[in-house]
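Only one structure is covered here, and it is reproduced in the block below.
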Amino acid sequence: MSEWWTYGPRDLLLFSAQTYYRLFELYNLEWWPLHILALALGAAVLLLGRRGGERAGRAIAVILALCWLWVAWGFYWQRYASINLAAAYFAWAWGVQALLLLWLGGVRGRLASAPASRLQWRTGRVLLIFALLLFPLIAPLLGRSWTQAELFGMAPDPTALATLGVLLYAGARPAWALFPIPVAWCLISGITLWAMDAPDFAVVPLAALLAVLLAIGGAWAGARSRRSRR
Amino acid sequence: MTRIPNHTRRRLLGAIAAAPLLGSAIGWAQQARPVSRAIPSSGEAIPLIGLGSWITFNVGNDRVARDACAEVMRAFFQAGGRLVDSSPMYGSAQDVIGYGLKKIGRPQDLFVADKVWISGGDEGRAQMKTSRRLWGVPRFDLMQVHNLLSWQAHLPTLFAMKAAGQLRYVGITTSHGRRHRDMEQIMTSQPIDFVQLTYNLFDREAEQRLLPLARERGIAVLANRPFQQGALLDRLGRRSLPPWAAEIDCTSWAQFALKFIVAHPAITCAIPATTRVDHVRENVGAAAGRLPDQAMRTRMAAFVAGR
Numbered sequence: 008m009s010e011w012w013t014y015g016p017r018d019l020l021l022f023s024a025q026t027y028y029r030l031f032e033l034y035n036l037e038w039w040p041l042h043i044l045a046l047a048l049g050a051a052v053l054l055l056g057r058r059g060g061e062r063a064g065r066a067i068a069v070i071l072a073l074c075w076l077w078v079a080w081g082f083y084w085q086r087y088a089s090i091n092l093a094a095a096y097f098a099w100a101w102g103v104q105a106l107l108l109l110w111l112g113g114v115r116g117r118l119a120s121a122p123a124s125r126l127q128w129r130t131g132r133v134l135l136i137f138a139l140l141l142f143p144l145i146a147p148l149l150g151r152s153w154t155q156a157e158l159f160g161m162a163p164d165p166t167a168l169a170t171l172g173v174l175l176y177a178g179a180r181p182a183w184a185l186f187p188i189p190v191a192w193c194l195i196s197g198i199t200l201w202a203m204d205a206p207d208f209a210v211v212p213l214a215a216l217l218a219v220l221l222a223i224g225g226a227w228a229g230a231r232s233r234r235s236r237r
Numbered sequence: 005m006t007r008i009p010n011h012t013r014r015r016l017l018g019a020i021a022a023a024p025l026l027g028s029a030i031g032w033a034q035q036a037r038p039v040s041r042a043i044p045s046s047g048e049a050i051p052l053i054g055l056g057s058w059i060t061f062n063v064g065n066d067r068v069a070r071d072a073c074a075e076v077m078r079a080f081f082q083a084g085g086r087l088v089d090s091s092p093m094y095g096s097a098q099d100v101i102g103y104g105l106k107k108i109g110r111p112q113d114l115f116v117a118d119k120v121w122i123s124g125g126d127e128g129r130a131q132m133k134t135s136r137r138l139w140g141v142p143r144f145d146l147m148q149v150h151n152l153l154s155w156q157a158h159l160p161t162l163f164a165m166k167a168a169g170q171l172r173y174v175g176i177t178t179s180h181g182r183r184h185r186d187m188e189q190i191m192t193s194q195p196i197d198f199v200q201l202t203y204n205l206f207d208r209e210a211e212q213r214l215l216p217l218a219r220e221r222g223i224a225v226l227a228n229r230p231f232q233q234g235a236l237l238d239r240l241g242r243r244s245l246p247p248w249a250a251e252i253d254c255t256s257w258a259q260f261a262l263k264f265i266v267a268h269p270a271i272t273c274a275i276p277a278t279t280r281v282d283h284v285r286e287n288v289g290a291a292a293g294r295l296p297d298q299a300m301r302t303r304m305a306a307f308v309a310g311r
């Protein structure tokens, strides 16, 4: 596409807001009651995060990897691809993230809870709780049907946010390779919602930005404390 | 009142519309069928309002939304519309159009306008084959090179297909006012039948060179983004329709915007997209009744500019 730099997000939007939200509705109706399992997995992530430790970190990584794989296939490949030509690429990216979670978190134990600061730990927890419990409320709060709610483990945004929350737990030595894909998705999602004039377009990108800043801050604080111990 | 058969009426209106439009506002009584204008390269007349499918028909596998699109198409054809435009770039739109045509029955006088949007000539041929399958039509009437992508590779293919009777017209497209210089160069060097470009009450750059060139070279013009994807109507909707809009049989801002476009003598057809049956009827209605003359068009442009 020539002069691609002159195209804005609104020029490239392929679908209407109505079609986008209806996608979630049809997806939710198709896979109900899988949502109960997703909620149970979310609760398990929350409890395991509270418990901490290497084994809990490995278990969280496996749960998150399963969720990323499911979203890659169930949402992007099966649903979103029908209205967005880029969805197949998103599916592959989410598959890669699932593999990274399995390798770095499940095998190498890089998701063991080791936050650099109380702020980081609390923010990670708030982000996780927001993704699990509050994010599904956005649809009804904005006047859309409950059936269009976006749930952790089923929909991309809360799954990406919950993952970033978990990554903050391991703030002293963050697994940096696990950040780019969820952060990139949060930006893409925000741009998509902005192009659709959705009032909540900033929520996901800002939450991702907060997670990245705290992760960088935690890594910096961790490095400084290691230097001072020497 | 004696009812004129539709096909006869369409020919009659086409003949009328092919005559020069400007002068005083054309004052024939409001017609139930849309006015047509001739495609310069063939003389075939097509209604001034077509049906676009960008965004509106990309509804994926949603059966309810697909049925709604089919009803929009039904209303469009019932109102006298013929030209439906799509592209492989529009997600599921081609498939949804194919679904609609199968559901409501393909009108005999359907004018199929599609695009090729891929790099490379061989890939273009494969893409057009897929597009035809999705539409469920035996051939395309008009095939356009979308956004001039690989036009050097595609145009020879399209001219060969036209010569072989696999399509009737060849065109190129651009949108949002981009690549007008390239389009101008192709219009002067290639024997194309159609160009498609953005032209509306606010985006009028095409008036400078491309529209006069189209008239000079005998090239038909499809006007895309007549409502700037709804932004134009949102902007206009903050004000009341001026009372003098009744002089050109306008009942809404949508008709006001469309009449401004199709009254330009170089424009062959505007292609608004919609998801609503009442809106598609309103849109096609813009091609009925009186059209503005040049003085009225100037007044319309000044009014929307707030002058």
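For the protein sequence lines, the chains are A and B, in the order given. The opening position of the first sequence corresponds to residue 8 in this note's numbering, with each subsequent residue numbered one higher. The opening position of the second sequence corresponds to residue 5 in this note's numbering, with each subsequent residue numbered one higher. Backbone N, C-alpha and C fix where the C-beta goes; we use that ideal spot for every residue, glycine too. It should be emphasised that the depicted structure is a prediction, and the values quoted were computed from it without experimental measurement.
Tell me where the beta strand (DSSP E) around methionine 147 (chain B) begins and ends.
-> 144-149
Note down, in chain order, all residues in the region 96-107 of chain B with a beta-carbon under 7 Å from any beta-carbon belonging to chain A.
-> Ser96
Run down chain B in chain order and give the residues with a C-beta less than 8 Å from the C-beta of threonine 13 (chain A).
-> His180, Arg182
Are the region 233-253 of chain B and the region 22-37 of chain A touching, with three or more C-beta to C-beta distances below 8 Å?
-> no
Residues near isoleucine 43 (chain B) in its chain [Cβ-Cβ closer than 8 Å; skip 5 each side] | Ala49, Ile50, Tyr173, Asp197, Phe198, Ala224, Thr272
Taking C-beta to C-beta, are threonine 314 (chain B) and histidine 184 (chain B) nearer than 8 Å?
-> With chain B covering 5 to 311 only, the question about residue 314 (chain B) has no answer from this structure.
First and last residue of the alpha helix (DSSP H) that includes glutamine 127 (chain A)?
-> 125-136
Members of the region 27-39 of chain A that neighbour chain E once the beta carbon cut-off is set at 8 Å = Looking for chain E here will not work: the only protein chains present are A and B.
Going by C-alpha distance, which of A:Trp227, A:Thr166, A:Ala98 is nearest isoleucine 67 (chain A)?
-> A:Thr166
If we count Cβ pairs, one from each stretch, closer than 8 Å, do we get three or more for the region 186-195 of chain A versus the region 206-217 of chain A?
-> yes
Excluding sequence positions up to five away, which residues of its chain have a Cβ less than 7 Å from the Cβ of isoleucine 223 (chain A)?
-> none
DSSP-derived helix/strand/coil call for phenylalanine 115 (chain B) | strand
CB leucine 114 (chain B) to CB arginine 86 (chain B), shorter than 8 Å?
-> yes
What residues from chain B crowd round aspartate 18 (chain A), counting only those whose CB sits closer than 7 Å?
-> His180
Distance CB(alanine 227 (chain B))-CB(tyrosine 203 (chain B)) smaller than 8 Å | yes
Arginine 172 (chain B) - containing alpha helix (DSSP H), residue span | Arginine 172 (chain B) -> not in any alpha helix (DSSP H); beta strand (DSSP E) instead, spanning 171-177.
Would you kindly work out how many angstroms separate the C-alpha atoms of glycine 27 (chain B) and leucine 217 (chain B), rounded to a whole number?
-> Model confidence at glycine 27 (chain B) stands at a pLDDT of 37, short of 50, so the residue's coordinates are unreliable; what they give is reported in the following sentence. Rounded to whole angstroms, glycine 27 (chain B) to leucine 217 (chain B) spans 21 Å at the Cα level.
Cβ of serine 89 (chain A) less than 8 Å from any chain B Cβ?
-> yes
Is there a Cβ from chain A that is less than 8 Å from the Cβ of threonine 60 (chain B)?
-> yes
Show which residues of chain A have a CB atom less than 7 Å away from the CB atom of valine 281 (chain B).
-> The premise fails here: valine 281 (chain B) is roughly 15 Å from chain A at the closest Cβ pair, so nothing lies under 7 Å.
Within-8 Å CB hit, phenylalanine 82 (chain A) to chain B | no
Look at the alpha carbon of valine 148 (chain B) and the alpha carbon of glycine 15 (chain A), and state the distance between them as a whole number of angstroms.
-> Checking the sequence, you will find glutamine at residue 148 (chain B) rather than valine. Those two C-alpha atoms are separated by around 23 Å.
Cβ-Cβ distance between glycine 116 (chain A) and alanine 79 (chain A) below 8 Å | no
Test item: CB-CB of leucine 135 (chain A) and valine 52 (chain A) under 8 Å = yes
Which residues in chain B sit within 8 Å of serine 232 (chain A), going by Cβ to Cβ distance?
-> Correct list: empty, because the minimum Cβ distance to chain B is about 51 Å.
Hey, valine 284 (chain B) and alanine 79 (chain B) are a contact pair by Cβ (cut 8 Å); roughly how many whole angstroms apart?
-> 5 Å
With tryptophan 313 (chain B) and isoleucine 190 (chain B) assumed to form a contact (beta carbons below 8 Å), what rounded beta-carbon distance in angstroms separates them?
-> It is not possible to answer for residue 313 (chain B), since the shown part of chain B is limited to 5 through 311.
Going straight from the alpha carbon of alanine 168 (chain B) to that of tryptophan 121 (chain B), what length do you get?
-> 21 Å
Member of B:Gly95, B:Met132, B:Asp89 whose CA lies at the smallest distance from the CA of asparagine 91 (chain A) | B:Gly95
Contact belief for isoleucine 275 (chain B) with glycine 56 (chain B) at Cβ below 8 Å, rounded distance in angstroms = 4 Å
Give me the Cα-Cα distance between alanine 210 (chain B) and glutamate 188 (chain B), rounded to the nearest whole angstrom.
-> 10 Å
Give the straight-line distance between the Cα atoms of phenylalanine 82 (chain A) and serine 40 (chain B), rounded to the nearest whole angstrom.
-> 45 Å
Given histidine 2 (chain B) as reference, the closest of B:Gln170, B:Pro160, B:His150, B:Met165 once Cα atoms are compared = It is not possible to answer for residue 2 (chain B), since the shown part of chain B is limited to 5 through 311.
By the criterion of Cβ-Cβ separation under 7 Å, what are the contact partners of tyrosine 2 (chain B) in chain A?
-> Beyond the ends of chain B as shown, which are 5 and 311, falls residue 2 (chain B); an answer cannot be given.
Where do the N-terminal and C-terminal ends of the beta strand (DSSP E) with glutamine 85 (chain A) fall, by residue?
-> Where glutamine 85 (chain A) is concerned, there is no enclosing beta strand (DSSP E), given that its DSSP letter is neither H nor E.
Beta-carbon separation of alanine 267 (chain B) and leucine 295 (chain B) under 8 Å?
-> yes
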